[in-house]
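Engineer:
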Amino acid sequence: MSAAGVDACVPDDEPATTRPNYREGHIMTTTTVRTAEQRVDVPEIADPSKVAPKDARELSKLFFDQLTVLEEGTPEYQFARGTLIEMNMSLVRYAAGRFRSRGPEEMEDVVQVGMIGLIKAIDRFELTREVEFASFAVPYIVGEIKRFFRDTTWAVHVPRRLQEARVQLARASEELHGRLGRTPTISELSELMSLPEDEVVEAQLASNGYKSASLDAAMSGSEDGEAALADFIGDEDAALGLVEDFHALAPMIAELDVRERQIIHWRYVDELTQAQIGERLGVSQMHVSRLITRLLARLRAGMLTTQ
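To convert, note that position 194 of the sequence shown is 194 in UniProt numbering; the numbers rise steadily by one, no gaps.
What follows is the structure in structure tokens.
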């Protein structure tokens with residue numbers, strides 16, 4: 001909004017005043033606007049985007065104060081809101097800097113998305129919160145950027161050549177489907193894309209890595225319409241019920257001496273016969289049978305005690 005546009009709202013006996021603005025050397029003009037309830041001072045800054053962050057903090061409080069009394073949708077309100085956005089762009093650059101490792105080619109998109117977060121923060125901020133606007137806004141900006149990456153990046157790592165082939169495949173599929181009136185074959189896609197058929201297949205597989213599917217998402221085509229993918233994968237593990245028993249046995253086996261633990265290991269881990277164990281110990285199969293029977297009785301008694 002031009003200074004002339006704002007001055008038109010000011011009575012002749014209330015002229016605008018001008019004073020130097022802060023450390024950047026810009027000129028800030030304070031124009032008085034009369035609302036239905038009270039007079040409001042609306043500062044105009046020559047170049048809000050170049051205001052130093054420290055000064056922006058102080059000026060932001062003044063502009064937020066004006067937003068509380070200006071009528072939303074009026075030129076004066078939009079001017080104050082727009083100035084707040086420009087003055088606080090440094091917050092977006094600061095937040096975007098956290099993601100510079102993703103490469104310079106993405107930074108422009110990151111900054112644009114961060115601006116959306118800044119605007120949301122401005123529209124939701126209230127001076128009564130008694131917190132600095134920067135502390136309030138940065139989480140909004142970072143959250144918007146993270147949401148952008150979550151919605152637009154690959155769920156799993158895929159080589160760049162396949163990422164590019166996926167984009168080419170999507171365009172070729174759309175073109176051929178419109179031309180043929182049906183889903184194109186691999187050979188038709190291969191011819192249009194000028195790629196070997198195996199690379200077309202790779203690109204199709206790579207498309208599955210662009211977004212991950214939730215195991216709890218409802219599957220289309222299910223009879224009740226509520227079945228989820230998790231209902232159809234996995235299998236019953238008969239050994240799962242033994243986990244608790246193994247956990248209870250572990251400390252009792254640790255209390256056995258070395259020879260007793262070795263016998264248990266040979267019989268139930270290596271699955272040796274009693275005769276084979278007897279050969280290793282230099283005793284008869286009958287003696288091994290008695291040893292194992294006594295060991296199992298001790299362990300069984302210990303299990304019953306822990307239950």
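By construction, the Cβ of each residue, glycine as well, lies at the ideal position given by its N, Cα and C atoms.
Give the list of continuous alpha helix (DSSP H) stretches no shorter than 4 residues that lie fully inside the segment 92 to 172.
Structural biologist: Complete alpha helix (DSSP H) runs here, min 4: 104 to 124 and 133 to 152.
Engineer: Quick one: grab the DSSP three-state call for Arg179.
Structural biologist: It is helical.
Engineer: If you draw a straight line from the C-alpha of Tyr140 to the C-alpha of Gly73, how long is it?
Structural biologist: When rounded, the distance between both Cα atoms is 23 Å.
Engineer: Let me confirm a value: Ser60 is counted as buried when at least 16 other C-beta atoms fall within 10 Å, else exposed. Which label applies?
Structural biologist: Buried is the call here.
Engineer: Who are the Cβ neighbours of Asp109 in its own chain at under 6 Å, not counting the five residues just before and after it?
Structural biologist: Closer than 6 Å at the Cβ level, and outside the excluded window around Asp109, lies no residue.
Engineer: Could you tell me which of Glu86, Arg300 and Phe125 sits nearest to Pro48, measuring between CA atoms?
Structural biologist: Among Glu86, Arg300 and Phe125, the Cα nearest to that of Pro48 belongs to Glu86.
Engineer: Taking only the alpha-carbon atoms, compute the straight-line gap between Phe99 and Lys146 and give it to the nearest angstrom.
Structural biologist: Rounded to whole angstroms, Phe99 to Lys146 spans 9 Å at the Cα level.
Engineer: Can you tell me whether Ser173 is buried or exposed, with buried defined as 16 or more other CB within 10 angstroms of its CB?
Structural biologist: With 16 or more Cβ atoms within 10 Å of its Cβ, Ser173 is classed as buried.
Engineer: Judging by CA-CA distance, which residue of Ile45, Gly117 and Phe64 is the nearest neighbour of Glu130?
Structural biologist: If we check each option's Cα against that of Glu130, Phe64 comes out closest.
Engineer: Please report how far the alpha carbon of Thr35 lies from the alpha carbon of Glu126, in whole angstroms.
Structural biologist: Its pLDDT being 48, under 50, Thr35 is placed unreliably by the model, and nothing is read from it.
Engineer: Nearest-angstrom Cα distance between Glu37 and Met107?
Structural biologist: With a pLDDT of only 49 at Glu37, under 50, the local geometry of the prediction cannot be trusted, and no value is derived from it.
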